[in-house]
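2 protein chains.
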Amino acid sequence: MRRHRCQIASDTSESGSDSDADNTAMRCISCREEYLPRDAGTCKECYVEAGETEEELKREIDDLKAKISFLRFSSPLDHVNSNSTSFTDVVLISSQDAAASPPIPANKAVLVSRSPVFKAMLENEMEESRSGTIKIADVSYDALRTFVYYLYTAEACLDEQMACDLLVMSEKYQVKHLKSYCEKFLVTKLNPENSLMSYAFAHQHNAKHVLDAALSQITENMDKVTKREEYMELVEKDPRLIVEIYEAYLAKQVNTAARGTSTSKTV
Amino acid sequence: MRRHRCQIASDTSESGSDSDADNTAMRCISCREEYLPRDAGTCKECYVEAGETEEELKREIDDLKAKISFLRFSSPLDHVNSNSTSFTDVVLISSQDAAASPPIPANKAVLVSRSPVFKAMLENEMEESRSGTIKIADVSYDALRTFVYYLYTAEACLDEQMACDLLVMSEKYQVKHLKSYCEKFLVTKLNPENSLMSYAFAHQHNAKHVLDAALSQITENMDKVTKREEYMELVEKDPRLIVEIYEAYLAKQVNTAARGTSTSKTV
């Protein structure tokens, strides 16, 4: 059999070859277009198998989605204006908006199950557990409300500010799933303009994914970034961060140069 | 291009043909085996795309699994022998094993969120809500414990008896996700020996998937099934069920006959 394969290889290497092997068009079962042996993908058996695998994966996705919908809680906030009860046993208060905003009802069992910090706080008979009131500092009412909603539903409607606020809270209360959710969102919003501030923010809150993605954006646009006002500010405020950026930039330059040398050697 | 395709078609129809087109073996990118044009599946482009789709689906599955693990509760039963608190506010008691078995702690918020029956019971200040005790009739302690565990985790370790017990409870308390989970399990356990009892059971508890699968098993093995003791018993106890089975069997026979006739006509 190997003989045939070698034959195709030698045929296709002759440009403009008119040999039979080169011109034998087949029809792709998937896109229905004709193609030549050099563009061949799979045999029929593997095509059928791949289709079955895809179907299985889609069924698994449907099952997982049904499970999520079963496990998701309705947030007690949804009950506030309805007649139903939510059996809450604690309230959260944003100390920033304490006077203006209503307390947010919640269940200790939910808070404890989602956050090791709430768990330690509520199980150890601390002030919060006795009073049934948890004061959250440095957060707006809206952010706190969205945070609690996420603990019940694993869902949040984000913009960049909200993603930053929730990332800070998720770091503080060790809600890993929410932190990763915010990081993914912030990575999609990165651009040369916001990369430096995102880098500093990620550094402060141990957001590894944002950090790596922002650093990559910065080192690809060093010329632009170093002309920005935030750059000057950061040089004053936290020069070690700027040093880290230059180190990453240097490493990239050295790598690129090394690749260039090895390529020119092989050519 | 069409010309080439017709050429392949005519070539491959000649058995034992030695023509170039027929013998041009290609190597499948997926299984690495050689194949002939007649066994061609996809072109290279579609192969690559299919691979990307599979990767995307697998990433989605990982994300959904992480979400499930976030949303899943630890069951209060796990806390019983640990030092941690579960902030439960209600207990469930199996009235069948009431004297011998401990009450099972739970959170009203969880019960209400998973079952519309518990919701109505607990939100309407019925006896159960006031006393903080829910008595569950006709169920063993083990089944009740597994039921509560499922409400918290969407997981249960099943055998056939447990699947039947939980199906009955999930029907009574309208926990659809659990009912569907039990039905899927019972369908995998169907065989000609248990098909008739499963059919009767499914009929009694509105388990549509089990009903259809069992009926299909029965009508494929009518000769065996009608010789079984359970058949005689069911004829006595619930003859309408047996009539339904015969009606399904008849419909199948008529269909098969019709297909046979139309096939012989086209031949």
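Chains A and B supply the protein sequences, listed in that same order.
Following UniProt numbering, the numbering of the first sequence begins with 1 at its first residue and continues without gaps.
Following UniProt numbering, the numbering of the second sequence begins with 1 at its first residue and continues without gaps.
Beta carbons are placed, not taken as given, at the ideal position from N, Cα and C, and that holds for glycine.
Member of A:Ile29, A:Ser75 and A:Gly260 whose CA lies at the smallest distance from the CA of leucine 144 of chain A = A:Ser75
Over the uninterrupted alpha helix (DSSP H) stretch that includes leucine 234 of chain A, give me the two end residues.
-> 229-237
Residues of chain B with a CB under 9 Å from the CB of isoleucine 61 of chain A: which are they?
-> Leu57, Glu60, Ile61 and Leu64
Rounded separation between isoleucine 242 of chain A and cysteine 164 of chain A - CA only | If you take the alpha carbons of isoleucine 242 of chain A and cysteine 164 of chain A, they lie about 21 Å apart.
Give the DSSP-derived three-state secondary structure of lysine 135 of chain A in the structure shown.
-> Residue state, collapsed to three classes: strand.
Measure the C-alpha to C-alpha separation of threonine 219 of chain B and methionine 169 of chain B and round it to an integer number of angstroms.
-> 29 Å
Are any of the Cβ atoms in chain A nearer than 7 Å to that of alanine 50 of chain B?
-> Cβ-Cβ to chain A under 7 Å: yes for alanine 50 of chain B.
Could you spell out the range, first to last residue, of the beta strand (DSSP E) harbouring threonine 42 of chain A?
-> Threonine 42 of chain A -> beta strand (DSSP E) spans 40-43.
Inspect the CB distances between the stretch 127-140 of chain A and the stretch 88-107 of chain A and report whether three or more fall short of 8 Å.
-> yes
Could you tell me the distance, in whole angstroms, from the CA atom of threonine 153 of chain B to the CA atom of phenylalanine 147 of chain A?
-> Their Cα atoms are separated by approximately 22 Å.
Is proline 37 of chain A helix, strand or coil when you go by DSSP?
-> helix
Looking at chain A, which residues of the stretch 227-252 of chain B have a Cβ within less than 9 Å of any of its Cβ atoms?
-> Under the 9 Å Cβ criterion, the stretch 227-252 of chain B contributes no residue.
Given 8 Å, three or more beta-carbon pairs between the stretch 32-51 of chain A and the stretch 55-73 of chain B | no
CB contact below 7 Å: threonine 219 of chain B versus chain A | no
Other residues of its chain near leucine 122 of chain B: CB distance less than 6 Å, five sequence neighbours each side excluded | For leucine 122 of chain B, where only same-chain residues beyond five positions count, the Cβ hits under 6 Å are Lys108, Val112 and Ser129.
With 16 other CB atoms within 10 Å as the buried threshold, where does lysine 67 of chain B fall?
-> Buried, because 16 or more other Cβ atoms sit within 10 Å of the Cβ of lysine 67 of chain B.
Whether alanine 207 of chain A touches glutamate 183 of chain A by CB criterion (7 Å) = yes
Classification of leucine 250 of chain B by the beta-carbon crowding that lies within 10 angstroms, buried from 16 upward = exposed
Within 10 angstroms of the Cβ of tyrosine 181 of chain A, are there 16 or more other Cβ atoms? Answer buried if so, exposed if not.
-> buried
May I have a chain-ordered list of the alpha helix (DSSP H) segments no shorter than 4 residues that lie completely inside the stretch 190-234 of chain B?
-> 195-204, 208-220 and 222-225
Where the stretch 22-42 of chain B meets chain A: residues whose CB sits under 8 Å from a CB there | Cβ contacts with chain A come from Asn23, Thr24, Ala25, Met26, Arg27, Cys28, Ile29, Ser30, Cys31, Glu33, Glu34, Tyr35, Pro37, Asp39, Ala40, Gly41 and Thr42.
Are proline 192 of chain B and lysine 227 of chain B close, meaning C-beta to C-beta below 7 Å?
-> no
Closer than 7 Å, CB to CB, is histidine 177 of chain B near chain A or not?
-> yes
Cysteine 46 of chain A versus chain B: which residues are under 7 Å apart at the beta carbon?
-> Cys28, Ser30, Cys31 and Gly41
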